[in-house]
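Undergrad:
There are 2 protein chains.
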Amino acid sequence: MPPIPELEAIRKAQILEAALKTISASGYANVTMDDICRAAGLSKGGLAHYYRSKNELFISVFKEFFERIFQRSKQTMELYENPIDKLLSFDWLYDRNDPDVNVGYPVLFDCMSLAVREKEYRSLFHDWFENWVSLLKDAIDDGLEKDIFRNLDSESTARAISSVYQGIATRWYLDYDSHPTEWAVESFKKAINGLLFPNNR
Amino acid sequence: MPPIPELEAIRKAQILEAALKTISASGYANVTMDDICRAAGLSKGGLAHYYRSKNELFISVFKEFFERIFQRSKQTMELYENPIDKLLSFDWLYDRNDPDVNVGYPVLFDCMSLAVREKEYRSLFHDWFENWVSLLKDAIDDGLEKDIFRNLDSESTARAISSVYQGIATRWYLDYDSHPTEWAVESFKKAINGLLFPNNR
DNA sequence: TAGGCAACCGACCGATTGGTCGATTTATAA
DNA sequence: TTATAAATCGACCAATCGGTCGGTTGCCTA
């Protein structure tokens, strides 16, 4: 019956990609289904065939995108051996020329403002955080075993590192002129240092 | 002509307060002018008399609110003498029972997602950041003079502290179950420590 | 060839919403 | 008392948008 068996997967990927770019460019509050249809090269009815409602589509977009970023982070981290290098392997997220980065931050901010009020988005966020935390936690535990770090609560430290990264990235993205990349990278390193090697003042 | 000369100021304050609460509760994208009218106890026409458009009103709401938070932070900081105490005087922003805090974070997230795409909001943000930075910078400069800190670029350190605070607060607010207040305060202290006393590992 | 179904189209509907505008009230000034 | 203008009201308009639905196309199977 279906002309191509994988057609559904192909179309859904097409639609998600088009929706992601459209949302990123206009903001979730301003995006219309027509915009997304146009970007995806489908009609309204065609899109409705794959995603029944705007909310269903948006949730899928966010979920898919976060997964993508997480996988990239994971792979990047795996390139390093040293636990400290692993924990600092997020430089690529401070690269404005990276397409994921450029598309990602606007979407991230949108998702945060949605997460404030809607359970569904909040739990999306929670899951994403947990992924990061477990990634970072593994690196910290590794460092503890190798006696590079001492007396750390690896989980809460992992949470702190990921938060600090995000805080700095927010400024870097929203007010780049005053918060250039060198500032971001350097600040990140120093703050992380304080988290990994506390009480040695 | 006007029955009470200060009526305009009173009404505007009324409207701003009502709008702030409504935006915070529903999200800027879902708030209608009717909602705000109802909350302010005015009719549509009545509100239009003071704010000609939704955008004009919203900008005023955000501006006013940021100013309020900043003034509170400033006053709180002035209660302390020691530069380090000053830099850590933002505990009140980790208090979920504080009305400004409860109302504030949702509005802050909304403003960030607006700032991504709209110049007006971006510069609002920029100004707010600069206020914070100058506050923190003064405290750091004070500490440098008193030889509590050494070899710091006070401005970029101030930017980092404010970013780190915001990153941690974001998690604390959006995912409190996994990021309780004790975690937030402790992480903040450690990270700040790394920024104020670097290269002593 | 006929039947069936997935894929896709786009006109249309109902609901919502920001902003307008003429009407009404109220208080000051002449 | 009257004229004037600020303050306020709420019905109304035009535009937008999400979702629906009847219809068309084209492949697959019997």
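Going down the list, the protein sequences come from chains P and E. 159 is the number that numbering that gives the first Met the number 0 gives to position 160 of the first sequence; each next residue is one higher, with no gaps. 176 is the number that numbering that gives the first Met the number 0 gives to position 177 of the second sequence; each next residue is one higher, with no gaps. The C-beta atom is built at its ideal place from N, Cα and C for all residues, glycine as well.
For S88 (chain P), which of helix, strand or coil comes out of DSSP?
TA: Reading the first sequence from its first residue, position 89 is the one you call residue 88 (chain P). Coil at S88 (chain P), not helix or strand.
Undergrad: Assign M0 (chain E) to one of three DSSP states: helix, strand, or coil.
TA: For this step, residue 0 (chain E) is matched to residue 1 along the second sequence. Residue placement at M0 (chain E) is flagged as unreliable, the pLDDT there being 43, under the threshold of 50; the coordinate-derived value follows with that caveat. The answer is coil: DSSP assigns M0 (chain E) none of H, G, I, E or B.
Undergrad: Among P:A8, P:S177, P:I160, P:L173, which has the Cα closest to the Cα of F187 (chain P)?
TA: The residue you call residue 187 (chain P) lines up with position 188 of the first sequence. The shortest Cα separation from F187 (chain P) among P:A8, P:S177, P:I160, P:L173 belongs to P:I160.
Undergrad: So, is N192 (chain P) buried or exposed, given that buried needs 16 or more other C-beta atoms within 10 angstroms?
TA: Walking along the first sequence from the start, residue 192 (chain P) turns up at place 193. Sixteen is the threshold: when 16 or more other Cβ atoms of the shown chains lie within 10 Å of the Cβ of N192 (chain P), as they do, the residue is buried.
Undergrad: Hey, how far is the Cα of L113 (chain P) from the Cα of E5 (chain E)?
TA: Working through the first sequence from its first residue, we reach residue 113 (chain P) at position 114. Working through the second sequence from its first residue, we reach residue 5 (chain E) at position 6. If I take the Cα positions, the gap works out to 38 Å.
Undergrad: Against H125 (chain P), what residues of chain E qualify as contacts under a CB-to-CB distance less than 9 Å, listed in chain order?
TA: Residue numbering aside, residue 125 (chain P) sits at position 126 when the first sequence is read from its first letter. Neighbours of H125 (chain P) across chain E, judged by C-beta separation under 9 Å: L173, D174, D176, S177.
Undergrad: Listed in chain order, which residues of the stretch 105 to 119 of chain E have Cβ atoms closer than 7 Å to some Cβ of chain P?
TA: P105, F108, D109, M111, S112, A114, V115, R116
Undergrad: Suppose contacts are defined by Cβ-Cβ distances below 8 Å. Is S42 (chain E) in contact with L134 (chain E) by that definition?
TA: The sequence position of residue 42 (chain E) within the second sequence is 43, counting from 1. The sequence position of residue 134 (chain E) within the second sequence is 135, counting from 1. Cβ distance not < 8 Å, so S42 (chain E) and L134 (chain E) don't count as in contact.
Undergrad: Among the candidates P:V60, P:L92, P:F108, P:D140, whose CA atom is the shortest distance from the CA of A157 (chain P)?
TA: Counting from 1 along the first sequence, the entry for residue 157 (chain P) is found at position 158. The shortest Cα separation from A157 (chain P) among P:V60, P:L92, P:F108, P:D140 belongs to P:D140.
Undergrad: Would you kindly report the start and end of the unbroken alpha helix (DSSP H) that includes V30 (chain P)?
TA: Translated into the one-based positions of the first sequence, residue 30 (chain P) becomes position 31. Careful: V30 (chain P) lies outside any alpha helix (DSSP H) and carries neither H nor E.
Undergrad: Against chain P, with Cβ distances strictly below 8 Å, would G26 (chain E) count as a contact?
TA: Position 27 of the second sequence, counting from 1, holds the residue named residue 26 (chain E). Output row for G26 (chain E): interface = yes.
Undergrad: Could you check the C-alpha separation between G45 (chain P) and K20 (chain E) for me, to the nearest Å?
TA: For the purposes of this step, residue 45 (chain P) is identified with residue 46 of the first sequence, where counting begins at 1. For the purposes of this step, residue 20 (chain E) is identified with residue 21 of the second sequence, where counting begins at 1. Near 40 Å, if we compare the C-alpha coordinates of K20 (chain E) and G45 (chain P).
Undergrad: Taking 8 Å as the CB-CB limit, is N81 (chain E) close to chain P?
TA: As a position in the second sequence, residue 81 (chain E) is number 82, starting the count at 1. No, no contact with chain P.
Undergrad: Apart from the five residues on each side of it in sequence, which residues of its chain come closer than 7 Å, Cβ to Cβ, to Y208 (chain E)?
TA: It is not possible to answer for residue 208 (chain E), since the shown part of chain E is limited to 0 through 200.
Undergrad: Just to check my reading of the structure: I22 (chain P) and V60 (chain P) have Cβ atoms closer than 8 Å, yes? What is that Cβ distance to the nearest angstrom?
TA: Within the first sequence, residue 22 (chain P) is the residue found at index 23, counting from 1. Within the first sequence, residue 60 (chain P) is the residue found at index 61, counting from 1. At roughly 6 Å, the Cβ-Cβ gap stays under 8 Å, so I22 (chain P) and V60 (chain P) are in contact.
Undergrad: Whole alpha helix (DSSP H) runs in the stretch 97 to 141 of chain P with 4 or more residues, listed along the chain?
TA: 98 to 114
Undergrad: Does the beta-carbon of P179 (chain P) have 16 or more other beta-carbons within 10 angstroms, so that it is buried, or is it exposed?
TA: For the purposes of this step, residue 179 (chain P) is taken as residue 180 along the first sequence, with counting starting at 1. Exposed, by the Cβ-count rule.
Undergrad: Would you verify that the beta carbon of N150 (chain E) is, or is not, closer than 8 Å to some beta carbon of chain P?
TA: Position 151 of the second sequence holds residue 150 (chain E). Chain P contact via Cβ: absent.
Undergrad: Buried or exposed for S155 (chain P), going by 16 or more other Cβ atoms inside 10 Å?
TA: By one-based count along the first sequence, residue 155 (chain P) stands at place 156. So S155 (chain P) ends up on the buried side.
Undergrad: As a quick exercise: from E:Y164, E:K85, E:C110, E:S177, pick the residue whose alpha carbon is nearest that of K189 (chain E).
TA: Taking the second sequence and counting its residues from 1, the one referred to as residue 189 (chain E) is at position 190. If we check each option's Cα against that of K189 (chain E), E:Y164 comes out closest.
Undergrad: Using a Cβ cut-off of 8 Å (strictly closer), state whether S162 (chain P) contacts chain E.
TA: Against the first sequence, residue 162 (chain P) aligns to sequence position 163. Yes, because at least one Cβ of chain E sits closer than 8 Å to the Cβ of S162 (chain P).
Undergrad: Is Y50 (chain P) buried or exposed, if buried means 16 or more other CB atoms sit within 10 Å of its CB?
TA: For the purposes of this step, residue 50 (chain P) is taken as the residue at position 51 of the first sequence. So Y50 (chain P) counts as buried.
Undergrad: Could you spell out the range, first to last residue, of the alpha helix (DSSP H) harbouring F69 (chain E)?
TA: The count along the second sequence starts at 1 and reaches residue 69 (chain E) at position 70. Note, F69 (chain E): alpha helix (DSSP H), 53 to 77.
Undergrad: Which chain E residues sit within Cβ distance under 7 Å of P98 (chain P)?
TA: As a working note, residue 98 (chain P) is residue 99 in the first sequence. The premise fails here: P98 (chain P) is roughly 16 Å from chain E at the closest Cβ pair, so nothing lies under 7 Å.
Undergrad: DSSP on R37 (chain E), reduced to helix/strand/coil?
TA: Residue mapping note: residue 37 (chain E) aligns to position 38 of the second sequence, counting from 1. R37 (chain E) carries a helical assignment under DSSP once its states are collapsed to helix, strand and coil.
Undergrad: Quick one: using the 10 Å Cβ neighbour count with 16 as the cut-off for buried, is W182 (chain P) buried or exposed?
TA: Your numbering for residue 182 (chain P) matches position 183 in the first sequence. Buried, by the Cβ-count rule.
Undergrad: Buried or exposed for D109 (chain E), going by 16 or more other Cβ atoms inside 10 Å?
TA: Walking along the second sequence from the start, residue 109 (chain E) turns up at place 110. By the neighbour-count rule (16 or more Cβ atoms within 10 Å), D109 (chain E) is buried.
Undergrad: Count the other CB atoms within 10 Å of the CB of G40 (chain E); is the residue buried (16 or more) or exposed (fewer)?
TA: The residue you call residue 40 (chain E) lines up with position 41 of the second sequence. Exposed, since its Cβ has fewer than 16 Cβ neighbours within 10 Å.
Undergrad: Please name the residue in E:N96, E:M111, E:F128 whose C-alpha comes closest to that of E66 (chain E).
TA: Walking along the second sequence from the start, residue 66 (chain E) turns up at place 67. It is E:F128 whose Cα lies nearest to the Cα of E66 (chain E).
Undergrad: Does chain P have any CB closer than 8 Å to the CB of A12 (chain E)?
TA: Reading the second sequence from its first residue, position 13 is the one you call residue 12 (chain E). No, its Cβ sits nowhere closer than 8 Å to a Cβ of chain P.
Undergrad: Less than 8 Å between the CB atoms is what I'm expecting for Y79 (chain E) and A168 (chain E), so what's the real figure, rounded?
TA: Along the second sequence, read from residue 1 onward, the residue named residue 79 (chain E) stands at position 80. Along the second sequence, read from residue 1 onward, the residue named residue 168 (chain E) stands at position 169. Not a contact, Cβ separation roughly 20 Å.
Undergrad: Relative to the ligand FAD, is the shortest distance from any of its heavy atoms to the C-beta of N150 (chain E) smaller than 7 Å?
TA: Within the structure as shown, the ligand FAD is missing, as the structure has no ligands at all.
Undergrad: Which chain E residues are close to I167 (chain P), counting only those with a beta carbon under 8 Å from its beta carbon?
TA: Within the first sequence, the letter at position 168 stands for residue 167 (chain P). The answer, in chain order, is A159, S162, V163, G166.
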